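Below is one structure, written out as structure tokens; comments come after it.
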Amino acid sequence: MTTSDDAPTARSSLDDAAAWQALSPLLGPFLPWSSGAMRPTGLLTVLNDVWFRRSPNIVELGSGVSTVILARLLHELGAGQLLAVEHDQQWADRVEKQLGQERLNDVARVVRAPLRPSVHTWDSGEWYDEPVLLTAVEGTAVDVLVVDGPPAWRPGSAHARFPALDMFAPFLAPGATVVLDDVERDGERDVLQRWSLEHAIRFDMRPEAGIAVGTWPARTRAS
Ligand SMILES: C[S@@+](CC[C@H](N)C(=O)[O-])C[C@H]1O[C@@H](n2cnc3c(N)ncnc32)[C@H](O)[C@@H]1O
Numbered sequence: 001m002t003t004s005d006d007a008p009t010a011r012s013s014l015d016d017a018a019a020w021q022a023l024s025p026l027l028g029p030f031l032p033w034s035s036g037a038m039r040p041t042g043l044l045t046v047l048n049d050v051w052f053r054r055s056p057n058i059v060e061l062g063s064g065v066s067t068v069i070l071a072r073l074l075h076e077l078g079a080g081q082l083l084a085v086e087h088d089q090q091w092a093d094r095v096e097k098q099l100g101q102e103r104l105n106d107v108a109r110v111v112r113a114p115l116r117p118s119v120h121t122w123d124s125g126e127w128y129d130e131p132v133l134l135t136a137v138e139g140t141a142v143d144v145l146v147v148d149g150p151p152a153w154r155p156g157s158a159h160a161r162f163p164a165l166d167m168f169a170p171f172l173a174p175g176a177t178v179v180l181d182d183v184e185r186d187g188e189r190d191v192l193q194r195w196s197l198e199h200a201i202r203f204d205m206r207p208e209a210g211i212a213v214g215t216w217p218a219r220t221r222a223s
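Counted from 1, the sequence shown has number 123 at position 123 by our numbering; the numbering is strictly sequential.
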């Protein structure tokens with residue numbers, strides 16, 4: 001029985017079931033979906049956005065199943081590039097191996113960026129190695145930025161994803177899509193609030209997909 005309390009969860013499950021259907025053409029070789037991966041509904045939202053773009057440059061913070069699925073779509077479209085930023089060397093090896101096995105290295109690359117102390121964090125935590133990020137993204141106009149890393153579930157890391165917008169703002173193309181995953185958590189909602197205060201971007205909450213979606217304007221800073 002569905003009560004008013006569990007109705008959002010029931011709706012999310014239905015949305016995810018429908019998203020699986022839509023994703024099925026991209027569900028080739030097995031991938032280890034886990035609770036750390038983006039929800040099917042959230043990933044489908046990103047894929048839809050990518051599909052409508054001519055030759056999108058995508059940056060994804062936090063690699064995984066989503067990286068491989070996005071790469072499969074770019075390969076199918078025959079256009080676009082994906083940079084997937086990963087802090088964990090072993091996980092980077094695993095994702096890279098999968099991309100290689102599926103001959104997707106021409107459309108997707110794993111950028112290995114270990115976490116380091118950074119002055120740009122909200123609560124003096126760690127952030128991806130900044131010189132590595134800047135070198136990887138130099139000269140790129142980013143059309144889609146997916147923020148699903150660094151991990152922000154450990155105690156003390158609730159705002160770990162905050163530096164993403166400051167860091168990538170200079171590289172975002174006008175009209176770029178910015179997606180933050182895991183918005184059911186307080187920390188991500190705090191991050192969204194500060195991003196909206198400090199940048200000229202507003203986010204549309206999609207709780208059924210676990211994400212918030214914003215569109216980067218031509219103007220880069222809130223006046
Ligand atoms: C929120 S996850 C990123 C998930 C990815 N964007 C996706 O949707 O598949 C953040 C970090 O967890 C680690 N990770 C992701 N998927 C994992 C898995 N299935 N098993 C172990 N670690 C994983 C990686 O280090 C990744 O950078």
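All C-beta atoms in this analysis are idealised placements derived from N, C-alpha and C, irrespective of residue type, glycine included. None of these values were measured; they are calculated from a predicted model.
The alpha helix (DSSP H) that contains Leu40, what's its start and end?
Sequence check: residue 40 is Pro here, not Leu. That run of the alpha helix (DSSP H) goes 40-51.
Quick check on Val147: does DSSP put it in helix, strand or coil?
Reduced to three states, the DSSP call for Val147 is strand.
Where does Thr121 fall in DSSP's three states?
Note: Thr121 maps to coil in three-state DSSP.
Taking 8 Å as the cut-off, does the stretch 114-126 touch the stretch 152-162 (at least 3 CB pairs, one atom from each stretch)?
Verdict: yes, contact present.
In the DSSP assignment, find the unbroken alpha helix (DSSP H) run with Glu130 in it and report its ends.
Glu130 -> alpha helix (DSSP H) spans 130-137.
Using CA coordinates, which residue listed in Val179, Glu126, Gln90, Arg116 is at the minimum distance from Ser157?
The closest CA to that of Ser157, considering only Val179, Glu126, Gln90, Arg116, is found on Glu126.
Based on Cα-Cα distance, which residue from Arg53, Trp91, Phe52 lies nearest to Val68?
Nearest C-alpha to Val68: Trp91.
Ile211 versus Thr135, Leu192, Gly78, His87, residue with shortest Cα-Cα distance
If we check each option's Cα against that of Ile211, Leu192 comes out closest.
In whole angstroms, what is the alpha-carbon distance linking Pro207 and Thr177?
One Cα belongs to Pro207, the other to Thr177, and the distance between them is close to 17 Å.
Using 8 Å as the cut-off, can you tell me whether the stretch 59-79 makes contact with the stretch 20-31, which would need three or more C-beta pairs spanning the two stretches below that distance?
The stretch 59-79, when compared against the stretch 20-31, does touch it at the 8 Å Cβ threshold.
Are the beta-carbon atoms of Val111 and Ala136 separated by less than 8 Å?
A Cβ-Cβ contact shorter than 8 Å links Val111 with Ala136.
For Leu197, which of helix, strand or coil comes out of DSSP?
Here Leu197 sits in helix by DSSP.
Secondary structure at Phe203, three-state DSSP: helix, strand or coil?
Phe203 sits in a strand when the DSSP states are folded into three classes.
In the stretch 83-124, which residue ranges form an unbroken beta strand (DSSP E) of at least 3 residues, counting only runs that do not cross its ends?
DSSP runs (the beta strand (DSSP E)) wholly in the stretch 83-124: 108-112, 115-117.
What's the C-alpha gap between Ser12 and Phe171?
Each residue's Cα considered, the two are about 33 Å apart.
Report the option in Gly42, Leu180, Asp186, Asp148 whose CA atom is closest to the CA atom of Ile201.
Here the closest residue by C-alpha is Leu180.
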